[in-house]
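I have placed the structure first, in the form of structure tokens, so that the comments after it can refer back to it.
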Amino acid sequence: MRFAESQGDRRPNVYSTSFVYGYRPHAWRNDRPWDWRLFAEFSGEYVGLMERAGALMPGSDASQIFGGPTVLGIYKYFAISGGAQFPIYRDMGRLYPRERVRFAINVSYFLFSHSH
1 MRFAESQGDR RPNVYSTSFV YGYRPHAWRN DRPWDWRLFA EFSGEYVGLM
51 ERAGALMPGS DASQIFGGPT VLGIYKYFAI SGGAQFPIYR DMGRLYPRER
101 VRFAINVSYF LFSHSH
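Take 1 as the starting number for the sequence shown in our numbering and just add one per residue.
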């Protein structure tokens with residue numbers, strides 16, 4: 001993602017990627033109302049240098065890789081997922097706080113899947 005510049009200042013560019021491996025245990029592969037799956041999820045980020053008054057700020061870039069378990073449950077037109085990720089690799093400038101863990105919970109409704 002590239003941010004716009006204003007009066008010589010610009011937020012850093014952010015590049016991110018993720019890798020996910022999903023698994024549904026054999027015992028969960030039957031006809032039940034809920035469909036559950038387990039995932040090992042990894043996400044990586046690179047944050048470029050900030051620009052202040054047209055000059056690049058040294059030490060304002062960062063690279064991180066996080067990894068951890070997540071779970072997904074699907075019931076009819078609804079899904080709920082959540083998990084935690086922990087830092088595996090960090091090379092961060094002094095401007096950023098150090099994260100110990102990331103948590104996420106998502107609830108989804110599949111609006112257009114009723115006709116299939």
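Virtual Cβ for every residue (Gly too), placed ideally from N, Cα, C.
Query raised in the report: Where are the beta strand (DSSP E) runs, 3 residues long or more, that stay fully inside the segment 18–94, in chain order?
Result: 35–47, 62–75, 78–92
Report task. In the DSSP assignment, find the unbroken beta strand (DSSP E) run with arginine 100 in it and report its ends. Result -> Neither: arginine 100 is in no beta strand (DSSP E) and is coded neither H nor E.
Query raised in the report: When you compare each of Phe66, Pro87, Tyr77 to serine 18 by their alpha carbons, which one comes out closest?
Result: Phe66
Report task. Count the C-beta pairs between the segment 44–64 and the segment 90–104 that are closer than 8 Å, then say yes if the count reaches three, no if not. Result -> Yes, they touch.
Query raised in the report: Between the segment 45–52 and the segment 75–87, do at least 3 Cβ pairs fall closer than 8 Å?
Result: no
Query - CB-CB length for tryptophan 36 against valine 71, believed under 8 Å - result: 7 Å
Requested in this report: Could you name the residues that DSSP lists as bridge partners for arginine 11?
Outcome: Arginine 11 pairs with nothing; no bridge assigned.
Requested in this report: Look at the alpha carbon of asparagine 172 and the alpha carbon of serine 108, and state the distance between them as a whole number of angstroms.
Outcome: This structure cannot speak to residue 172, because the chain is shown only from 1 to 116.
Query raised in the report: Among Ser63, Asn106, Ala40, Trp28, which one has its Cα closest to the Cα of valine 47?
Result: Ser63
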